[in-house]
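Asks: Residue numbers (the working numbering), protein chains in the order written: chain W, 26 to 215; chain Z, 27 to 819.
Heads up, the beta-carbon is just placed ideally off N, CA and C, and yes, glycines get one too.
Every value quoted in this text rests on a predicted model; they were computed, and no experiment measured them.
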Amino acid sequence: MRVNFTVNGRPQEADDVWEGESLLYVLRERLGLPGSKNACEQGECGSCTVRLDGVPVCSCLVAAGQAEGRDVVTVEGLADYARQRACGTGSCGTPLDEAKGWQAKGTDSQTGEGTGLSPIQQAFIDAGAVQCGFCTPGLLVASDELLERNANPTDADIREALSGNLCRCTGYEKIMDAVRLAAARQSEGV
Amino acid sequence: MPANGAPTKITQGSKTRGGIGESTLRPDGTLKVTGEFAYSSDMWHEDMLWGQILRSTVAHAEIVSIDTSEALALPGVYAVMTYDDLPTEVKNYGLEIQDTPVLAHGKVRHHGEPVAIVAADHPETARRAAAKIKVDYRELPVITDEKSALAPDAILVHEGRDDHHIGHVPHPNIVHRQPIVRGNVEEARARADVIVEGEYTFGMQDQAFLGPESGLAVPEEDGGVHLYIATQWLHSDLRQIAPVLGLPEEKVRMTLAGVGGAFGGREDLSMQIHACLLALRTGKPVKIVYNRFESFFGHVHRHPAKLYYEHGATKDGKLTHLKCRIVLDGGAYASASPAVVGNASSLSVGPYVVDDVDIEAVALYTNNPPCGAMRGFGAVQACFAYEAQMDKLAKKLGMDPVEFRQLNAMEQGTIMPTGQPVDSPAPVAELLRRVKAMPLPPERQWESSEGADVRQLPGGLSNTTHGEGVVRGIGYAVGIKNVGFSEGFDDYSTAKVRMEVVGGEAVATVHTAMAEVGQGGVTVHAQIARTELGVSRVTIHPADTQVGSAGSTSASRQTYVTGGAVKNACELVREKVLEIGRRKLGSYHPAWATAELLLEGGKVVTDGGEVLADLADVLEGEAVEVEEEWRHRPTEPFDLRTGQGHGHVQYSFAAHRAVVEVDTELGLVKVIELACAQDVGKALNPLSVIGQIQGGTTQGLGVAVMEEIIVDPKTAKVRNPSFTDYLIPTILDTPTIPVDVLELADDHAPYGLRGIGEAPTLSSTPAVLAAIRNATGLELNRTPVRPEHLTGT
């Protein structure tokens, strides 16, 4: 079958999709977006978390056909998504400071340094919340959604929001730090 | 960060920014947060096929027949291979003992053993084809424990063993046995005022790394193959893969793909050979990705264990003796069992002074899932038992459990039961003091003006209590882990370091085969290069087999050994750079010949701080490159009868204090806080150090209260191979983990550092158990603890 949906703001069309394929499979194997991870295929680990019409879902549990005509945001689109959210609905160009920073840094092809990051992505790096990084895409999408609806979450709020995302490396402390850091920067307008 | 004791050895250039001791950020961080980092499961190649493994549905059986015809007939299937299709006479592999069949030959020895492999153009086609392979099994009785393994009529799991352990084991179903005898236990026992015995059970833990086993094998024009793979040790894989394929090692090229965690579970091969076989057979790239269900069968687990302990102590609280027997279930294949036995026996005494010991550790061959390496490696099981014993002894003597431990704590100079002196700081008593001195979390923190916040109570959002029946408990534990490969193993690493001018700036490139599995080795290598070479820009070359072996990312060894190799190579590069400088510029300043010279901030400077030259000018038109192996101090094997021998390189210590709240009516446990104090020698990257300690602590918490692979004792089949049924701690299960880092230099190690990754996994579990005992008054001799153990239902 053919599936039409929007991914990270761009219309996408996937052909020859077998009915049993998950949204995760189509993103990873047909659309070249492997950022969403497959770690359990049972909705237990949250590594495949994406936004489906704004709602965080385990994309391994969504049949590709269910995404027909809907909006999907993956970790690959998180930075743009955050930028657009920051602008509201009005038009929004690249701020001058950011443009300068971009120019000065360039993008390092090996490390990706200089890539525009969303506040939550930057906070994960700064707080040491990334080790092996396999859980990171899902945690970023879930954390970003939390901060979108709750700008000043308590620790209990953070734990509740991220309880569907397993991490085996960090013991979660640095992930807590990252979300707190992103929230603090957000409230300071940094 | 507190720093006590001797200064760590920084050879030079410590003023260069981003060097050792700073919490520099990961070089792969940006790629990992944008989804661009290419894990082994993300590999893709035009025209690639998907591989699938058919695994045994029974634990122990003869294979009567295999019929692959229906699978081969399925459209989209390119190849089906069984044992009969293996290309050479080498059909087994293994880390130490080559006892593991690439594909089952006439017999399967555990549930989930690979029997056949399929390549097809869609993963679902491959799965369906595998399901169409008909295997006729004739089931055999299963060996599942010591009793059945050593019974007079026991079937041998492996007949005709010819490995180097068979000569000293009392039974062919025992992989390896290591006794340790020192002093005189009978005489020492006579001095004891109290004697405490215990029989402990440790459940089978899974590494549960999130990135499943996966990789891509690409056939090459020269008849070889290029494997992109997530592993812990590229060269160990290579040594095992090439003979099975019938290829010389240089025709099997290996590149490390992104690794989604490891924790020991990637020491053994998983899909490596299968993917290569299918790629060579079909002439097409083949990708294999396990799903979680298969991952539970696709790697070894932590050895479940029975531990029988007897300690004595005098009435003033001094340990008199230790008599113990540790029985590890190695499952169907040897994997790392012999080395786990060596660790379990040599560390069975814990970080305590006990002069009179009678110790025995064995690993069994059974039809249970194969067990091998997991973070803590034999020391974890022992720590669970000896720490329970310490609490029992303290209680019997009416002493404080921390004071009792401190009274018996080892220190620098203590002789281990193996006869090996501890020749670097061993701040066991100090770590206990520090962890005890941390402020306790407030009582009843779940209470608020609006009633109880159930999220902070046992049972959480299940809303099972608002504080009724909830009791707090506090427990302590401390552990000892060896660092590096032991028992005479040639545990070296190789680093290639290059320095040249790029864009008018001196740049260093570090190339090793070290498997970055998330621990942050790549961060540390760049820091070492900055410190030693005084440059700010360091490129980390992808890990592959085009450079010499880095050894395994295991045994808390990589920062020590590959870090040591990088440091050593940098020092050699530095000498060559200075030679070039003297040759080119020596005539301009006498200090080139007379002063101690450093590379710092991109310049050559004298130890007095005078700048002699810019590194870019020295290196203009020249590149300096060094590839060199580096070794730590040699170790020696343990004597097979007495266990005597200087078997270990270095020891690592951590202590924990656990605070738990237990709903005593329902048997639900909430860990409120798990504080840790650890000596790290020198924190090369403090942020990463704390991350390792918190991560290790959490894995210890998991096996204390939830994690266990359940194997049916009647069938030896795994009953919970999924994240629905095998639970690992979520963010709701994991408490705050305050960390106190002590830095006492080990003069034998690079920068004085101490391997850190595993020690926190040891003491975390017994601390949680001690806290639950403290809350409930129950004896609790097994881990993990389940609600029924607390409620007696």
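Use the C-beta contact count for S613/Z: other C-beta atoms within 10 angstroms, 16 or more gives buried, fewer gives exposed.
Replies: Label assigned to S613/Z: exposed.
Asks: From which residue to which residue does the alpha helix (DSSP H) around F323/Z run?
Replies: Residues 318 to 324.
Asks: Once DSSP output is grouped into helix, strand and coil, what is the label at E101/W?
Replies: Helix.
Asks: Kindly identify the DSSP beta-bridge partner or partners of V312/Z.
Replies: Looking at the DSSP assignment, V312/Z forms a beta bridge with L75/Z, A243/Z.
Asks: Count the C-beta pairs between the region 586 to 603 of chain Z and the region 656 to 671 of chain Z that are closer than 8 Å, then say yes if the count reaches three, no if not.
Replies: Cβ pair count under 8 Å is three or more, so yes.
Asks: What residues of chain Z sit near V155/W, judged by a beta carbon separation below 7 Å?
Replies: The answer, in chain order, is R52, G55, K58, V59.
Asks: Can you tell me which of the three DSSP states R328/Z falls into?
Replies: Note: R328/Z maps to strand in three-state DSSP.
Asks: Less than 8 Å between CB atoms is the rule here; does S714/Z satisfy it with respect to chain W?
Replies: Yes, contact with chain W.
Asks: Would the beta-carbon of A389/Z fall within 8 Å of that of S363/Z?
Replies: A contact, by the Cβ cut-off of 8 Å.
Asks: Is it the case that the Cβ atoms of Q258/Z and A64/Z are separated by a distance below 8 Å?
Replies: Taking 8 Å as the Cβ cut-off, Q258/Z and A64/Z do not qualify as a contacting pair.
Asks: Could you name each continuous beta strand (DSSP E) segment of 3 residues or more that falls completely within the region 508 to 584 of chain Z, going from the start of the chain to the end?
Replies: List check, beta strand (DSSP E) in window: 518 to 528, 531 to 537, 563 to 566.
Asks: Could you tell me which uninterrupted beta strand (DSSP E) segments, each at least 3 residues in length, are contained entirely in the region 327 to 409 of chain Z, listed from first to last along the chain?
Replies: Qualifying beta strand (DSSP E) stretches, in chain order: 331 to 339, 345 to 355, 382 to 390.
Asks: Give me the Cα-Cα distance between T231/Z and H327/Z, rounded to the nearest whole angstrom.
Replies: Note that residue 231/Z is Gln in the sequence shown here, rather than Thr. Taking the straight line joining both Cα atoms gives about 6 Å.
Asks: With a threshold of 16 other CB atoms inside 10 Å of the CB of Q725/Z, please say whether the residue is buried or exposed.
Replies: Looking at its Cβ environment, which holds 16 or more other Cβ atoms inside 10 Å, Q725/Z is buried.
Asks: If G398/Z sits next to Q204/Z, beta carbons under 8 Å apart, how far is it from one beta carbon to the other, in whole angstroms?
Replies: Contact doesn't hold; Cβ gap of about 16 Å is too wide.
Asks: If we cut at 8 Å on Cβ distances, does F159/W have a partner in chain Z?
Replies: Yes, F159/W lies at the interface with chain Z (some Cβ there is under 8 Å from its Cβ).
Asks: With 8 Å as the threshold, decide whether the Cβ of E44/W is near any Cβ in chain Z.
Replies: It does not: the Cβ of E44/W has no partner Cβ on chain Z nearer than 8 Å.
Asks: By Cβ distance below 6 Å, which residues in the same chain neighbour A243/Z in space, the five residues on each side in sequence not counted?
Replies: V251, L253, A301, C302, A305, V312.
Asks: Determine which residues share a DSSP beta bridge with A105/Z and list them.
Replies: Paired residues: A145/Z.
Asks: Given R307/Z, which residues of its chain have a CB within under 7 Å of its CB, disregarding the five upstream and five downstream residues?
Replies: Excluding sequence neighbours, R307/Z sits near A105, M107.
Asks: Could you name the residues of the region 733 to 752 of chain Z whose beta carbon sits closer than 8 Å to any beta carbon of chain W, in the order they occur along the chain?
Replies: Taking 8 Å as the Cβ-Cβ cut-off against chain W, the residues of the region 733 to 752 of chain Z that qualify are S748, F749, T750.
Asks: Does the region 84 to 94 of chain W come close enough to the region 172 to 183 of chain W to have 3 or more Cβ pairs within less than 8 Å?
Replies: Judged by Cβ distances under 8 Å, the region 84 to 94 of chain W makes no contact with the region 172 to 183 of chain W, as fewer than three pairs qualify.
Asks: If you follow the alpha helix (DSSP H) that P269/Z is part of, which residue opens it and which one closes it?
Replies: Unbroken alpha helix (DSSP H) run through P269/Z: 260 to 271.
Asks: Quick one: which unbroken beta strand (DSSP E) runs of 3-plus residues sit fully inside the region 587 to 635 of chain Z? Chain order, please.
Replies: Counting only runs of 3 or more, we get 623 to 626, 629 to 632.
Asks: Thinking C-beta only, is H184/Z closer than 8 Å to D125/Z?
Replies: In this structure, H184/Z lies closer than 8 Å to D125/Z by Cβ.
Asks: Between K522/Z and A595/Z, is the Cβ-Cβ spacing less than 8 Å?
Replies: It is a contact, given that the beta carbons lie within the stated cut-off.
Asks: According to DSSP, is G90/W part of a helix, a strand, or is it coil?
Replies: Of the three classes helix, strand and coil, the one that applies to G90/W here is helix, per DSSP.
Asks: Whose Cβ in chain Z lies nearer than 8 Å to the Cβ of V100/W?
Replies: Those within 8 Å of V100/W in chain Z are V59, T60, G61.
Asks: Report the CB separation of F228/Z from A331/Z in whole angstroms; it is logged as a contact under 8 Å.
Replies: About 4 Å separates the two Cβ atoms, so the contact holds.
Asks: Would you decide whether C112/W is buried or exposed? Buried here means 16 or more other CB atoms lie within 10 Å of its CB.
Replies: The residue is exposed, with fewer than 16 neighbouring Cβ atoms inside 10 Å.
Asks: Going by the beta-carbon positions, is the gap between I169/Z and T392/Z smaller than 8 Å?
Replies: Going by C-beta atoms, I169/Z is nearer than 8 Å to T392/Z.
Asks: Where R81/Z and P453/Z are concerned, what is the direct C-alpha to C-alpha distance, given to the nearest angstrom?
Replies: So the alpha carbons of these two residues sit roughly 48 Å apart.
Asks: How would you list, in chain order, the residues of chain Z whose beta-carbon sits under 8 Å from the beta-carbon of Q67/W?
Replies: Here the neighbours are R318, S748, F749, T750.
Asks: Any C-beta of chain W within less than 7 Å: which residues of the region 232 to 249 of chain Z qualify?
Replies: Per Cβ criterion, the list reads A234, F235, L236, G237, P238.
Asks: I need the DSSP call for Q676/Z, collapsed to helix, strand or coil.
Replies: The answer is strand: DSSP assigns Q676/Z an E or B state.
Asks: Quick one: using the 10 Å Cβ neighbour count with 16 as the cut-off for buried, is K740/Z buried or exposed?
Replies: Classification for K740/Z: exposed.
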